[in-house]
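>
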Amino acid sequence: VITVPAYFNDSQRQATKDAGVIAGLNVLRIINEPTAAAIAYGLDKGKASERNVLIFDLGGGTFDVSILTIEDGIFEVKATAGDTHLGGEDFDNRMVNHFVEEFKRKHKKDISQNKRALRRLRTACERAKRTLSSSSQASIEIDSLYEGIDFYTSITRARFEEMCSDLFRGTLEPVEKALRDAKMDKSQIHDIVLVGGSTRIPKIQKLLQDFFNGRDLNKSINPDEAVAYGAAVQAAILMGDTSGNVQDLLLLDVAPLSLGIETAGGVMTALIKRNTHPS
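Per the numbering used here: the sequence shown = residues -10 to 268.
(1) Mind checking whether I181 and N207 have CB atoms under 9 Å apart?
(2) When you compare only the Cα positions, how much space is there between D132 and D139?
(3) Quick one: which unbroken alpha helix (DSSP H) runs of 4-plus residues sit fully inside the stretch 28 to 70? Chain order, please.
(4) Let me confirm a value: R146 is counted as buried when at least 16 other C-beta atoms fall within 10 Å, else exposed. Which label applies?
(5) Suppose contacts are defined by Cβ-Cβ distances below 9 Å. Is T142 in contact with F88 by that definition?
(6) Can you have a look at P191 and say buried or exposed, based on whether 16 or more other CB atoms are within 10 angstroms of its CB?
(7) Counting only the same chain and skipping the five closest in sequence on each side, list residues whose C-beta sits under 6 Å from that of A225.
(8) Can you grab the Cα-Cα spacing for the pair N86 / L107, in whole Å?
(9) Looking at the structure shown, is F201 part of a helix, part of a strand, or coil, going by DSSP?
(10) Can you tell me which of the three DSSP states T188 falls into?
(11) Quick check on this structure: which residue in P163, L121, G62, A117 has the alpha carbon closest to the alpha carbon of E130?
(12) Does DSSP classify L248 as helix, strand or coil?
(13) Within 10 angstroms of the Cβ of F13, are there 16 or more other Cβ atoms? Answer buried if so, exposed if not.
(14) Per DSSP, what kind of secondary structure is V270 in: helix, strand or coil?
(15) Just checking my contact of L47 with I250 at CB under 8 Å: how many whole Å lie between their CB atoms?
(16) Look up I193 in the DSSP assignment and say whether it is helix, strand or coil.
(17) Between which residues of its own chain and D230 is the CB-CB distance below 8 Å, once the five residues before and five after are set aside?
(18) So, helix, strand or coil for E115, using DSSP?
(19) Within 10 angstroms of its Cβ, does G77 collect 16 or more other Cβ (buried), or is it exposed?
(20) Could you check whether V216 and T(-8) sit closer than 9 Å to each other, using their CB atoms as the reference points?
(21) Tell me the rounded alpha-carbon separation between R119 and S0.
(22) So, is L239 buried or exposed, given that buried needs 16 or more other C-beta atoms within 10 angstroms?
The following block contains the structure:
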C-alpha cells in the first residue's frame, strides 16, 4: 500500500504506482495520506459516537486538509483540499534566500550560482528551522562556505515567521475550502489532528488554533509516522487480517478532483465531481 498526497491528480497517482512496480513492489492500493493518518488516529476510537475529524497534513513538499466522519469503524471522507506544492522546503527556501542576500551584503559575493555552497547553506537552514520550533533563536555556522569565507550568523523565530508569514497564513485557505465542501461549520469539528513534520512549527499551530477559536489541537499521534501506520493497517485489511479493530474498518474516500471527458469544442464535462464518493 503506497500513500500519496490527497490532492494528487490521476497522472501523479499513476506515476507513483509505476514507480512502485519498477521498484519491484506488489502495489495493492494507492491511498490518500490524510486518510491513512485518520486511520492511525481513529483506530482505537472505533466504537465511539460519530466524530468529525479534520486532518491537517503539512509535510516537506505537499499540504493536505481532509475532513472525515468516523463512526463505528467507518471512516468516511467528507471533503479534501490542499496544495501539492507547499511544505517545509518552501520555508527552507525563504531562509536560504535571506542568507544569500545577507552574504552578499557582508562579503560582496553572490553564492547563488554555487551549487555546493547553496547545498551546505540549505542543510544549515533546515537545521535552524527545526531548532526554531523549540527555541526563539538559532545560529548558523558554516566554515569556508564560499571562497574560503566562514559564514557565522543567526536568525530569530520572529524573523523566520515574518519571512514565511504569507505561506503560513495560506495554509488556512484549504481548511476553509474543505469546510465549505463538507458543508460544515468549524464549530462542528470535534478533533483537529496534526500530521507531517512541518506542523511542529509553533506559528502554524497558533494560526490553526486561532482559526478554531482557541480550541486545543490534537497531537496524540506521531506526525512523522501516522501515515505509514495507517497504510500498514490498510495493507493488513487487504491481506485478510481478521484481528479485532482491523476487520470492522471500512474506508470511504472521495475523488479529490473532478474527473471528466473532453466534449465538442474542447470543453471538459465532469463525470465524477470532486469530493464525491464513487457509488
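Cβ coordinates follow ideal geometry from the N, Cα and C atoms, glycine included. If you're wondering where the values come from, they're calculated on a predicted model, not measured in any experiment.
Judging by the given coordinates:
(1) yes
(2) 4 Å
(3) none
(4) R146 comes out buried.
(5) yes
(6) exposed
(7) V235
(8) 10 Å
(9) coil
(10) If DSSP states are grouped into helix, strand and coil, T188 belongs with the helices.
(11) With distances taken between Cα atoms, E130 lies closest to A117.
(12) In this structure, L248 counts as strand in the three-state DSSP scheme.
(13) Reading off the sequence shown, one finds Gly at residue 13, where the question assumed Phe. Exposed.
(14) Residue 270 cannot be examined here, being either before or after the span of the chain that is shown, -10 to 268.
(15) Contact doesn't hold; Cβ gap of about 34 Å is too wide.
(16) helix
(17) Q236
(18) Residue state for E115 is assigned as helix, using DSSP reduced to three classes.
(19) buried
(20) yes
(21) Across the structure, R119 and S0 are spaced so that their CA atoms are roughly 33 Å apart.
(22) exposed
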